[in-house]
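Novice: Dumping the structure here so I can ask a few things about it.
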Amino acid sequence: MLFVPLPFVVSLLLTIVIVRMLSQRDDVMTFEQRLFLLLVCAYALQSVLIGIRWGYDIRAILPAQAMLATFNAALAWVCFSNLASDSQPSLRQIGWHLLPALIVGVMMFAWRDAVGTAIILFFLGYGIALLWLARLGPNALVTSRLDGVLRSYRALQITGWALVASALSDVAIGFDQTRNGGAYSGAIVAAGNVLALLILGTAASIASFDTSTDNERQDEEALPEERAASEEDAQIVQRIGELMHKKALYKDLELNLSRIARKLGVPARRISNAINRIHGISVSQYVNNYRVEEACRLLQTTNEAITQIAFEAGFLTKSNFNREFLRVTGKSPSSWREEQRVSELRRAA
C-alpha cells in the first residue's frame with residue numbers, strides 16, 4: 076500500500092489555500108498580499124520537507140528544512156509588522172530578516188549541535204515579537220481593511236502563539252531524542268509542527284484577504300500615549316465625522332486607517348487614539364457605526380435584499396455585517412426591518 080505521510084496531506088491543503096488566495100483577487104496583488112502568498116507557499120514547502128524527513132527518514136534535507144523553518148518565522152514577522160506600518164519596508168530592511176536562516180545554514184556545517192537551540196531561540200524571538208505587536212490591538216494594523224481588521228488581528232495572535240508553540244515542540248523533540256532515542260518524535264511532529272503549519276497557512280490567507288488594495292502609504296510619527304481626551308482629539312473626531320457624512324467614506328470597501336489618515340493629513344496613531352479617547356471604541360467599530368446607520372436607512376426605505384444592503388453600506392462580508400448590526404442595534408437586520416414595518420403600520424392605523 077502506498078504510504079502518504081500526513082505532512083503531504085497538509086501541503087495539499089495549503090496548496091488549495093494558495094489557489095483560493097490567487098482566485099479571490101481580480102486586481103493586481105499588493106506588496107502585502109504578495110508577502111502573505113509567499114508565506115503560505117513557504118509553509119507548504121516546509122510541510123513537504125517535514126514529510127520527506129519523517130515519512131521516509133531522508134536526513135539529507137535537514138539543512139534545507141532547518142533554514143526554511145527559520146526563514147518562515149522571520150517572514151511571518153515581516154508580513155504582520157508590515158500591516159502595522161504606513162511605510163513600505165525597503166529591501167534592505169527585509170534582507171536583515173534573512174540573516175537567521177543564513178546563520179542556521181552555516182551552523183548546520185560548522186556547529187551542528189547548536190542548530191536546534193538556535194532555531195528555538197529564533198522562533199521564540201519572532202513569536203514574542205508578534206505577540207508584543209498584538210498588544211497594541213486591532214488599530215495597530217493600519218493597512219488592514221477595516222471590515223476585516225479583527226480577523227487580521229486574530230491571525231496575528233494565532234501566528235505569534237503558534238511560533239512559540241513550535242519552539243516548545245522542538246524542545247520536546249530534543250528531549251525525546253535524548254531520553255527515548257526519538258521514539259515519539261514523529262508523533263510530536265505530526266501533532267505539533269504539521270498541524271501548526273496548516274493553522275499558520277490559514278491565518279496568513281485570512282490576513283492577506285483582509286489587506287486593502289490601497290498601495291499609498293505615509294510616514295507615521297511616534298506619538299506619546301495620552302490618557303485623557305484633549306481638545307485636539309475632539310477636533311480630529313469632528314473632522315472624521317464630517318468626512319463620513321459629507322463624502323460617505325464609510326462606503327469604501329477598501330477603507331483602512333491609513334487611508335483615513337491620509338485624507339485628514341493626520342498620523343494614523345493619532346486618529347485611533349482620538350477615537351478611542353472620545354468614544355471608547357476602535358476605529359473599525361467607529362466606521363461600522365456609520366455603516367450600520369446607513370444600513371438601517373436602507374432597510375427602512377427600500378425593499379432591497381439584506382445582503383445587497385450590507386454591500387451598499389460598506390460591509391464586505393455578511394457575517395461581519397450581522398455581527399456589527401447586532402452590536403449597534405441589539406437585533407438582527409431582518410428583525411429590525413420587521414419591527415420598523417410593524418411600527419409604520421401601527422402609526423398608519
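Counting in my numbering, the sequence shown runs from 76 upward without gaps. Think of the CB as a built atom: it goes at the ideal place given N, C-alpha and C, for glycine as much as any other residue. If you're wondering where the values come from, they're calculated on a predicted model, not measured in any experiment.
Is DSSP giving S219 helix, strand or coil here?
Specialist: Taking the sequence shown and counting its residues from 1, the one referred to as residue 219 is at position 144. Of the three classes helix, strand and coil, the one that applies to S219 here is strand, per DSSP.
Novice: Indicate whether A279 and V115 have their beta-carbon atoms separated by less than 8 Å.
Specialist: On the sequence shown, residue 279 is found 204 positions in, with the first residue counted as 1. On the sequence shown, residue 115 is found 40 positions in, with the first residue counted as 1. In this structure, V115 lies closer than 8 Å to A279 by Cβ.
Novice: In angstroms with no decimal places, state the Cα-to-Cα distance between R95 and V417.
Specialist: Within the sequence shown, numbered from 1, the residue matching residue 95 stands at position 20. Within the sequence shown, numbered from 1, the residue matching residue 417 stands at position 342. If you take the alpha carbons of R95 and V417, they lie about 43 Å apart.
Novice: Any idea which residues DSSP pairs N331 with across the strands?
Specialist: Along the sequence shown, one-based indexing puts residue 331 at 256. In the DSSP output, where bridge partners are listed per residue, N331 has R220.
Novice: Comparing alpha-carbon positions, which option in A119, R337, A385 lies nearest T90?
Specialist: By one-based count along the sequence shown, residue 90 stands at place 15. The residue with the shortest Cα to Cα distance from T90 is A119.
Novice: Please report the distance separating the alpha-carbon of P299 from that of A204.
Specialist: In the sequence shown, residue 299 corresponds to position 224, counting from 1. In the sequence shown, residue 204 corresponds to position 129, counting from 1. Note that P299 scores a pLDDT of 42, beneath 50, so its modelled location is shaky and nothing firm can be said.
Novice: Is I195 closer than 8 Å to T145 when the C-beta atoms are compared?
Specialist: For this step, residue 145 is matched to residue 70 along the sequence shown. For this step, residue 195 is matched to residue 120 along the sequence shown. Contact flag unset, no.
Novice: Taking the alpha carbon of L150 as the point to measure from, which residue in S165, A247, A135, I169 has its own alpha carbon closest?
Specialist: Numbered from its first residue, the sequence shown carries residue 150 at position 75. Of the candidates S165, A247, A135, I169, the one whose C-alpha sits nearest the C-alpha of L150 is I169.
Novice: Is it right to say S86 is buried, meaning 16 or more other beta carbons lie within 10 angstroms of its own, or is it exposed?
Specialist: Counting from 1 along the sequence shown, the entry for residue 86 is found at position 11. By the neighbour-count rule (16 or more Cβ atoms within 10 Å), S86 is buried.
Novice: Under the assumption that R412 contacts L374 (Cβ atoms under 8 Å), give the Cβ distance between them as a whole number of angstroms.
Specialist: Along the sequence shown, read from residue 1 onward, the residue named residue 412 stands at position 337. Along the sequence shown, read from residue 1 onward, the residue named residue 374 stands at position 299. Rounded, the Cβ-Cβ distance is 4 Å, consistent with contact.
Novice: Work out the CA separation of L143 and Q252 for me, nearest whole Å.
Specialist: Stepping through the sequence shown from its first residue, residue 252 is reached at position 177. Stepping through the sequence shown from its first residue, residue 143 is reached at position 68. Cα-Cα distance, rounded: 22 Å.
Novice: Grouping DSSP H, G and I as helix and E and B as strand, with all else coil, what is E291?
Specialist: Sequence index remark: in the sequence shown, residue 291 carries index 216 (1-based). Summary for E291: the model assigns pLDDT 41, below 50, so the residue's position carries little reliability; its value from the coordinates is reported in the next sentence. Looking at E291 - three-state DSSP - the assignment turns out to be coil, as it is neither helix nor strand.
Novice: Taking buried to mean at least 16 other C-beta atoms within 10 Å of its own C-beta, is Y131 buried or exposed?
Specialist: As a position in the sequence shown, residue 131 is number 56, starting the count at 1. Answer is exposed; the Cβ neighbour count stays below 16.
Novice: Checking 8 Å against the spacing of the C-beta atoms, do G389 and D327 come in under that value?
Specialist: Start at 1 with the first residue of the sequence shown, and residue 389 comes out as number 314. Start at 1 with the first residue of the sequence shown, and residue 327 comes out as number 252. Yes, they are a contact pair.
Novice: Once DSSP output is grouped into helix, strand and coil, what is the label at V417?
Specialist: Counted from its first residue, the sequence shown places residue 417 at position 342. Three-state DSSP puts V417 in a helix.
Novice: Below 8 Å, how does it come out for the region 330 to 349 and the region 227 to 241: are there three or more Cβ pairs, yes or no?
Specialist: The answer is no - the region 227 to 241 does not touch the region 330 to 349, with fewer than three Cβ pairs under 8 Å.
Novice: Residues in the same chain with beta-carbon distance under 8 Å from W152, minus the five sequence neighbours each way, listed in chain order, please.
Specialist: Position 77 of the sequence shown, counting from 1, holds the residue named residue 152. Taken in chain order, the residues that qualify are H172, Y201, A204, L205.
Novice: Identify which residue in A141, A423, P213 has its Cα closest to the Cα of G191.
Specialist: Here residue 191 corresponds to residue number 116 of the sequence shown, with the count starting at 1. Minimum Cα distance to G191 is reached at A141.
Novice: What would DSSP say about K406, mapped onto helix, strand or coil?
Specialist: Mapped onto the sequence shown, residue 406 falls at position 331. Here K406 sits in coil by DSSP.
Novice: Cutting at 7 Å between CB atoms, please list the residues of its own chain near V179, excluding the five before and the five after it.
Specialist: Taking the first residue of the sequence shown as position 1, residue 179 is located at position 104. Excluding positions up to five away in sequence, the list reads A141, M142, T145, V190, A193, I194.
Novice: Run the CB neighbour count on Q383, radius 10 Å, all protein chains shown included, and call it buried at 16 or more, exposed below.
Specialist: Counting from one through the sequence shown, the residue named residue 383 turns up at place 308. Exposed, since its Cβ has fewer than 16 Cβ neighbours within 10 Å.
Novice: Would you please state the rounded distance, in angstroms, between the beta carbons of V246 and L332? I believe it to be under 8 Å.
Specialist: For this step, residue 246 is matched to residue 171 along the sequence shown. For this step, residue 332 is matched to residue 257 along the sequence shown. With 8 Å as the limit, V246 and L332 do not qualify as a contact, their Cβ atoms being about 38 Å apart.
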